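**Student:** So that we are looking at the same thing, I have put the structure below in structure tokens.
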Amino acid sequence: MNNLPQQVSNPKIGIVNYGAGNIFSLKAALDRLTLPYGMINQAQDFDNYTHIIIPGVGHAGAAMQKLIDTGLLPSIKALSKPVLGICVGMQLITNYSEEGNSEMTGIIPIKTLRFNTQISKKVPHIGWNNVSINPNNKLFAQIANETYFYFVHSYFIEFNTNFTIASCNYGNIFAAAIQKNNFYGVQFHPEKSGEAGEKLLQNFAHI
Amino acid sequence: MLSKRIIPCLDVKDGRTVKGVNFVDLRDAGDPVELAWQYSQQGADELVFLDITATVENRKTTIEMCKAVAQQINIPFTIGGGISSVHDAEALLNAGADKISINSAAVRNPQLINDLAAAFGVQFVVLAVDTKHLPGGDFVHLNGGRIATQLQTQHWITQAEQRGAGEILLTSMDKDGTKSGFDNVLLTQINQLISIPIIASGGAGNAQHFVDVFEKSNVDAALAASVFHYGEILIPDLKAMLKLKGIEVRI
Numbered sequence: 013m014n015n016l017p018q019q020v021s022n023p024k025i026g027i028v029n030y031g032a033g034n035i036f037s038l039k040a041a042l043d044r045l046t047l048p049y050g051m052i053n054q055a056q057d058f059d060n061y062t063h064i065i066i067p068g069v070g071h072a073g074a075a076m077q078k079l080i081d082t083g084l085l086p087s088i089k090a091l092s093k094p095v096l097g098i099c100v101g102m103q104l105i106t107n108y109s110e111e112g113n114s115e116m117t118g119i120i121p122i123k124t125l126r127f128n129t130q131i132s133k134k135v136p137h138i139g140w141n142n143v144s145i146n147p148n149n150k151l152f153a154q155i156a157n158e159t160y161f162y163f164v165h166s167y168f169i170e171f172n173t174n175f176t177i178a179s180c181n182y183g184n185i186f187a188a189a190i191q192k193n194n195f196y197g198v199q200f201h202p203e204k205s206g207e208a209g210e211k212l213l214q215n216f217a218h219i
Numbered sequence: 102m103l104s105k106r107i108i109p110c111l112d113v114k115d116g117r118t119v120k121g122v123n124f125v126d127l128r129d130a131g132d133p134v135e136l137a138w139q140y141s142q143q144g145a146d147e148l149v150f151l152d153i154t155a156t157v158e159n160r161k162t163t164i165e166m167c168k169a170v171a172q173q174i175n176i177p178f179t180i181g182g183g184i185s186s187v188h189d190a191e192a193l194l195n196a197g198a199d200k201i202s203i204n205s206a207a208v209r210n211p212q213l214i215n216d217l218a219a220a221f222g223v224q225f226v227v228l229a230v231d232t233k234h235l236p237g238g239d240f241v242h243l244n245g246g247r248i249a250t251q252l253q254t255q256h257w258i259t260q261a262e263q264r265g266a267g268e269i270l271l272t273s274m275d276k277d278g279t280k281s282g283f284d285n286v287l288l289t290q291i292n293q294l295i296s297i298p299i300i301a302s303g304g305a306g307n308a309q310h311f312v313d314v315f316e317k318s319n320v321d322a323a324l325a326a327s328v329f330h331y332g333e334i335l336i337p338d339l340k341a342m343l344k345l346k347g348i349e350v351r352i
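First to last, the sequence lines map onto chains A and B. Residues 13 to 219 in the working numbering are what the first sequence spells out, letter by letter. Residues 102 to 352 in the working numbering are what the second sequence spells out, letter by letter.
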């Protein structure tokens with residue numbers, strides 16, 4: 013999209029450490045890609061990194077509360093470095109989640125909704141789903157349209173033409189990936205999505 | 102569309118895979134990491150490791166194995182066997198397991214399903230059910246089918262869904278080892294009862310059996326062990342055949 017920051021040749025990824033879910037697999041994927049990373053525990057830690065990942069598994073409302081409790085939220089909102097929210101970490105950068113009727117950070121003005129079991133049949137949405145990709149987005153550089161990624165979630169982010177950069181169809185069409193300026197989010201787990209997921213993490217590290 | 106998943110299952114004892122596996126170019130057939138890597142390269146969508154370790158001390162070895170797999174493999178995996186508490190499950194979660202499967206411990210203490218779902222989310226909790234057809238209906242069995250319970254399979258699975266199981270791994274003990282195909286009748290019936298994903302297990306003998314199970318019962322995933330380990334079915338060939346039949350697979 014527009015106004016992308018300059019490519020960074022020596023990325024160093026900061027993982028926001030707020031206690032929502034396990035990050036072993038994410039760290040393992042970054043190790044495999046030999047991408048240096050560290051943990052962000054307090055506001056000044058953001059200065060040590062070029063790229064920021066917000067991970068997250070579990071209940072979005074509970075995750076939001078944990079993020080607020082860390083006191084890191086004002087710094088996150090003020091970031092101009094590339095930020096990637098993964099799964100619940102992506103839902104946190106929206107306005108609102110139906111999970112626990114919870115207010116989110118409001119970084120991207122869209123909503124996180126629950127799958128309707130009448131339409132989508134099986135919830136959670138677990139497994140590999142193909143994704144329709146906006147071909148011009150750097151996050152998906154050299155990743156073929158309709159590539160499969162691994163999803164595990166019961167709530168989804170609404171499709172929105174302004175912010176959706178990849179979409180997925182599971183009964184209804186929802187946002188598999190979103191972007192607003194330097195903030196990105198992916199609903200799937202790149203760290204579990206085979207080579208395509210690793211490519212995406214690499215792309216992010218070089219935005 | 103969400104693709105149908107193909108899942109090889111590996112038995113693990115004291116951190117080593119057991120049962121014969123004869124990939125041609127395998128350096129160490131007992132190394133779960135190397136096997137997992139091979140399967141991920143072949144296009145397996147997910148892996149299940151079934152821990153048959155006997156002693157508590159050796160469970161630590163399983164946790165080390167779990168870490169090694171998570172470090173090296175870029176697809177999801179489930180660890181089952183010997184998990185009887187939230188504490189056991191947490192150790193595996195922290196070692197990188199994407200899901201855990203519970204079986205007899207949940208039969209003995211159904212509250213375990215609720216507790217695990219509350220602690221880690223339903224997506225982490227796979228309920229494995231071994232079922233056998235008896236004159237009075239389908240009944241849950243324990244210890245690899247040796248011990249019958251009074252639990253009616255359909256009843257147990259619906260109860261488990263309500264308690265917070267995120268997925269069902271259903272093994273037909275009538276079909277297991279027969280290589281005569283999956284139990285499509287039972288799988289169809291169970292699949293209509295619940296709204297969480299089902300992994301079919303037991304009976305895979307050839308590629309057509311996978312076509313049948315997806316076409317007839319519309320399950321979400323199919324699991325097998327020996328046909329994959331002995332190279333009787335190669336995952337790329339299987340997926341090509343499924344795709345040819347119009348079944349959604351990740352290639």
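All residues carry an ideal CB built from backbone N, CA and C; glycine is no exception. Owing to the predicted nature of the structure, the values given are computational and were not obtained by experimental measurement.
On the three-pair Cβ rule with 8 Å, is the region 20 to 29 of chain A touching the region 58 to 74 of chain A?
**Tutor:** Yes, the region 20 to 29 of chain A is in contact with the region 58 to 74 of chain A.
**Student:** Could you pull out every unbroken alpha helix (DSSP H) segment of at least 4 residues lying fully inside the region 109 to 154 of chain A, listed in chain order?
**Tutor:** 129 to 132
**Student:** With distances taken Cα to Cα, identify the nearest neighbour of B:S318 among B:A219, B:K168, B:V350 and B:Q293.
**Tutor:** As a first step, residue 318 of chain B must be located in the second sequence, where it is residue number 217. The shortest Cα separation from B:S318 among B:A219, B:K168, B:V350 and B:Q293 belongs to B:Q293.
**Student:** In chain order, what residues of the region 116 to 134 of chain A put their CB closer than 8 Å to some CB of chain B?
**Tutor:** Within the region 116 to 134 of chain A, the residues whose Cβ lies closer than 8 Å to some Cβ of chain B are T129, K133 and K134, listed in chain order.
**Student:** For a test of the three-state rule: what should DSSP assign to A:Q199, helix, strand or coil?
**Tutor:** As a first step, residue 199 of chain A must be located in the first sequence, where it is residue number 187. The answer is coil: DSSP assigns A:Q199 none of H, G, I, E or B.
**Student:** Apart from the five residues on each side of it in sequence, which residues of its chain come closer than 8 Å, Cβ to Cβ, to B:P109?
**Tutor:** Taking the second sequence and counting its residues from 1, the one referred to as residue 109 of chain B is at position 8. Closer than 8 Å at Cβ, skipping near neighbours: Y140, A145, L148, V149, L324, A325, A326, F329, H330 and I336.
**Student:** What are the residues in the region 206 to 218 of chain B lying within 8 Å of chain A by C-beta distance?
**Tutor:** none
**Student:** Residues of the region 16 to 45 of chain A in Cβ contact with chain B at a cutoff of 8 Å, in chain order, please.
**Tutor:** N34, F36, S37, A40, A41, D43 and R44
**Student:** Please determine, among B:Q263, B:R247, B:L271 and B:G267, the residue with the shortest C-alpha to C-alpha distance to B:T254.
**Tutor:** Translated into the one-based positions of the second sequence, residue 254 of chain B becomes position 153. Looking at the Cα atoms, B:L271 is the closest of the given residues.
**Student:** Whose CA, out of A:L42, A:A178, A:P121 and A:S205, lies closest to the CA of A:I145?
**Tutor:** By one-based count along the first sequence, residue 145 of chain A stands at place 133. Of the listed residues, the one whose Cα sits closest to A:I145 is A:A178.
**Student:** Can you list the residues of chain B that A:E210 reaches, using a CB-CB cut of under 8 Å?
**Tutor:** Reading the first sequence from its first residue, position 198 is the one you call residue 210 of chain A. Ordered by position in chain B, the residues that pass the 8 Å Cβ test against A:E210 are N175.
**Student:** Counting only Cβ pairs nearer than 7 Å, list the residues of chain A close to B:C223.
**Tutor:** Working through the second sequence from its first residue, we reach residue 223 of chain B at position 122. Before going on, a small fix: residue 223 of chain B reads as Val here, not Cys. Within 7 Å Cβ-Cβ: P136.
**Student:** For B:R117, which three-state DSSP category applies?
**Tutor:** The residue you call residue 117 of chain B lines up with position 16 of the second sequence. Strand at B:R117.
**Student:** Measure the alpha-carbon distance for B:S186 versus B:V134 and round it to whole angstroms.
**Tutor:** If you number the second sequence from 1, residue 186 of chain B lands on position 85. If you number the second sequence from 1, residue 134 of chain B lands on position 33. Computed Cα separation, rounded: 26 Å.
**Student:** Please state the DSSP three-state secondary structure of A:Q54.
**Tutor:** The count along the first sequence starts at 1 and reaches residue 54 of chain A at position 42. In this structure, A:Q54 counts as coil in the three-state DSSP scheme.
**Student:** Give the range of the beta strand (DSSP E) segment to which B:T272 is assigned.
**Tutor:** What you label residue 272 of chain B is simply residue 171 of the second sequence in a count that begins at 1. Looking at the DSSP string, the run of the beta strand (DSSP E) that includes B:T272 is E268 to S273.
**Student:** Could one say the Cβ of B:G116 lies closer than 8 Å to chain A's Cβ atoms, at least one of them?
**Tutor:** Translated into the one-based positions of the second sequence, residue 116 of chain B becomes position 15. No, no contact with chain A.
**Student:** Who are B:F240's beta bridge partners in DSSP?
**Tutor:** Along the second sequence, read from residue 1 onward, the residue named residue 240 of chain B stands at position 139. In the DSSP output, where bridge partners are listed per residue, B:F240 has B:K233 and B:Q253.
**Student:** Name, please, each residue of chain A whose Cβ falls closer than 9 Å to the Cβ of B:L148.
**Tutor:** Reading the second sequence from its first residue, position 47 is the one you call residue 148 of chain B. By Cβ distance, chain A contributes nothing, its closest Cβ being about 11 Å from B:L148, past 9 Å.
**Student:** Please list the terminal residues of the continuous alpha helix (DSSP H) segment that includes B:H188.
**Tutor:** Residue 188 of chain B sits at position 87 when you count from the first residue of the second sequence. The continuous alpha helix (DSSP H) containing B:H188 extends over residues V187 to N195.
**Student:** Classify A:P17 as buried or exposed, calling it buried when 16 or more other Cβ atoms lie within 10 Å of its own Cβ.
**Tutor:** As a working mapping, residue 17 of chain A is identified with position 5 in the first sequence. The pLDDT assigned to A:P17 is 49, lower than 50, so where the model puts this residue is not dependable, and the model offers no usable value.
**Student:** List, in order along the chain, the chain A residues whose C-beta lies closer than 9 Å to that of B:M102?
**Tutor:** Numbered from its first residue, the second sequence carries residue 102 of chain B at position 1. Chain A residues near B:M102: N141, N142, N181 and Y182.
**Student:** Sort A:I80, A:S114, A:E110 and A:L125 by Cα distance to A:I169 and report the nearest one.
**Tutor:** The residue labelled residue 169 of chain A in the question sits at position 157 within the first sequence. The shortest Cα separation from A:I169 among A:I80, A:S114, A:E110 and A:L125 belongs to A:L125.
**Student:** Whether or not the region 140 to 154 of chain A and the region 42 to 59 of chain A are in contact is what I'm after, with contact meaning three or more pairs of Cβ atoms, one per stretch, closer than 8 Å; do they touch?
**Tutor:** Because the criterion of three Cβ pairs below 8 Å is not met, the region 42 to 59 of chain A and the region 140 to 154 of chain A do not touch.
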